[in-house]
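Participant:
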Amino acid sequence: MTDHQFGPFGITTGLDSSAESIAAARAAEELGYPAIWLSGGPLPGLQTITDLVGATTAIKFVSGILAVVKYSAVDVSTTYAALEASAPGRFTVGLGGAHGAKPIATLNAYLDELDVPVEHRVLAALGPRMLKLAADRSAGAYPFLTSASYSAEARKVLGPDKLLAVSHLVVLETDADRARAIARDTISFFPRIPGYAASLKRQGFSENDLSSLPDHMIDSLAAWGSPADIKAKLTEHLDAGADHVAVNVITGVTGPQPIEQWRALAPALLG
604 MTDHQFGPFG
614 ITTGLDSSAE
624 SIAAARAAEE
634 LGYPAIWLSG
644 GPLPGLQTIT
654 DLVGATTAIK
664 FVSGILAVVK
674 YSAVDVSTTY
684 AALEASAPGR
694 FTVGLGGAHG
704 AKPIATLNAY
714 LDELDVPVEH
724 RVLAALGPRM
734 LKLAADRSAG
744 AYPFLTSASY
754 SAEARKVLGP
764 DKLLAVSHLV
774 VLETDADRAR
784 AIARDTISFF
794 PRIPGYAASL
804 KRQGFSENDL
814 SSLPDHMIDS
824 LAAWGSPADI
834 KAKLTEHLDA
844 GADHVAVNVI
854 TGVTGPQPIE
864 QWRALAPALL
874 G
């Protein structure tokens, strides 16, 4: 494991430039979380990153991720340069979303054009070829929907010095049936996506697992229970070779940012 200044635990969440999102970012900072990984889907644009950095004082932000088919390398480079001038070291560019027949070639071409230092960019990576690209051309990898055993294998591909930051689903719920139902509802979407389906199969899950989402699969891909239970589960990634776990809290409802869950988890994760 390598010190990449994100600490062992951060947050994954979707934010925009609204007052609610600004308040959530400030709350995460006040609670002591060292980093927020901004989910790419809810991100309305690059200006939001600038707004969030400007509204906080020290917490780091990582775009997790910017789809290279949506944001040009020139625009991302410009945003990075402006933030590096105003808030040095607080923004790391996370890239991915290179779907299609030749994702490696697409990302390579994008990185050729991107004017961001290697140490300030990471790649969403699942398979061995993308992990190798992350090791060769970025600070490291940011996988999602992976087990601790995956982290051990990913570390072998990345080598000892590259960042391995995993986004892991978390349900702050001690009732097993309820917790698994919440996690299962979120996870059910991903086996339909070819890249995630392939990743899950590489992790040892069967075709039947991908369709039925059995308890053992849910328990590998989501941490649930008390704060202590959740920390123990997330620490399995760190013990397997990850440097950082981005805590992706899900509640089963669409609503406000899970600030209260972040607050409840903070003593266990950050204490």
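First residue of the sequence shown: 604, per this note's numbering; consecutive thereafter.
Positions of the beta carbon are idealized from the N, C-alpha and C atoms, including for glycine.
(1) Around the C-beta of H750, are 16 or more other C-beta atoms found within 10 angstroms, so that it is buried, or is it exposed?
(2) Is the CB-CB distance between A757 and L736 below 8 Å?
(3) What does the alpha-carbon distance come out to for the pair V848 and I625?
(4) Can you tell me whether DSSP reads A690 as helix, strand or coil?
(5) Report the three-state DSSP secondary structure of G730 (helix, strand or coil).
(6) Just mark E863 as buried or exposed, buried being the case when its beta carbon has 16 or more other beta carbons within 10 Å.
(7) When you compare each of D842, G610, L710 and K765 to V897 by their alpha carbons, which one comes out closest?
(8) Fully enclosed by the stretch 609-675, which alpha helix (DSSP H) runs are 4 residues long or longer?
(9) In chain order, what residues of the same chain have a beta carbon less than 6 Å from the beta carbon of L873, not counting five sequence neighbours either side?
(10) Would you mind listing the beta strand (DSSP E) stretches within the stretch 764-812 that are 3+ residues and don't spill past its ends, in chain order?
(11) Roughly how far, in whole angstroms, is the beta-carbon of T596 from the beta-carbon of I662, given that I think they are within contact range, below 8 Å?
(12) For the beta strand (DSSP E) holding A849, just list the boundary residues, first then last.
(13) On the premise that A871 lies in contact with A831, defined as a C-beta separation below 8 Å, what is that separation, rounded to the nearest angstrom?
(14) Of all the options W827, R795, G828 and A826, which has the alpha carbon lying nearest to the alpha carbon of D812?
(15) Given a cut-off of 8 Å on the beta-carbon distance, is the pair L686 and V679 in contact?
(16) Going by C-alpha to C-alpha distance, which of G644, G657, L816 and P706 sits closest to P691?
(17) Helix, strand or coil: how does DSSP classify T695 here?
(18) Can you give me the Cβ contacts of A739 inside the same chain, cut-off strictly under 6 Å, excluding the 5 residues immediately before and after it?
(19) Under the three-state reduction of DSSP, which class applies to A825: helix, strand or coil?
Facilitator: Concretely, from the data shown:
(1) Reading off the sequence, residue 750 comes out as Ser, not His. Buried, by the Cβ-count rule.
(2) Contact check for A757 against L736 fails: the beta carbons are separated by 8 Å or more.
(3) In a straight line, the C-alpha of V848 is about 22 Å away from that of I625.
(4) Residue state for A690 is assigned as coil, using DSSP reduced to three classes.
(5) Three-state DSSP puts G730 in coil, outside helix and strand.
(6) Around the Cβ of E863, a 10 Å sphere holds fewer than 16 other Cβ atoms; the residue is exposed.
(7) The question about residue 897 has no answer, for the chain in this structure spans 604 to 874.
(8) Fully enclosed alpha helix (DSSP H) runs of 4 or longer: 622-634 and 649-658.
(9) Beyond the five residues adjoining it in sequence on each side, L873 comes within less than 6 Å, by CB distance, of G635 in the same chain, given in chain order.
(10) Runs found: 766-774.
(11) The displayed coordinates of the chain run from 604 to 874. Any statement about residue 596 would go beyond what the structure contains.
(12) Unbroken beta strand (DSSP E) run through A849: H847 to V852.
(13) That belief holds up - the Cβ atoms of A831 and A871 are roughly 6 Å apart, short of 8 Å.
(14) Ranking the options by Cα distance to D812, first place goes to R795.
(15) Cβ atoms of L686 and V679: not closer than 8 Å.
(16) Minimum Cα distance to P691 is reached at G657.
(17) Looking at T695 - three-state DSSP - the assignment turns out to be strand.
(18) The sequence shown places Asp at residue 739, not Ala. Nothing meets the Cβ criterion.
(19) Three-state DSSP puts A825 in a strand.
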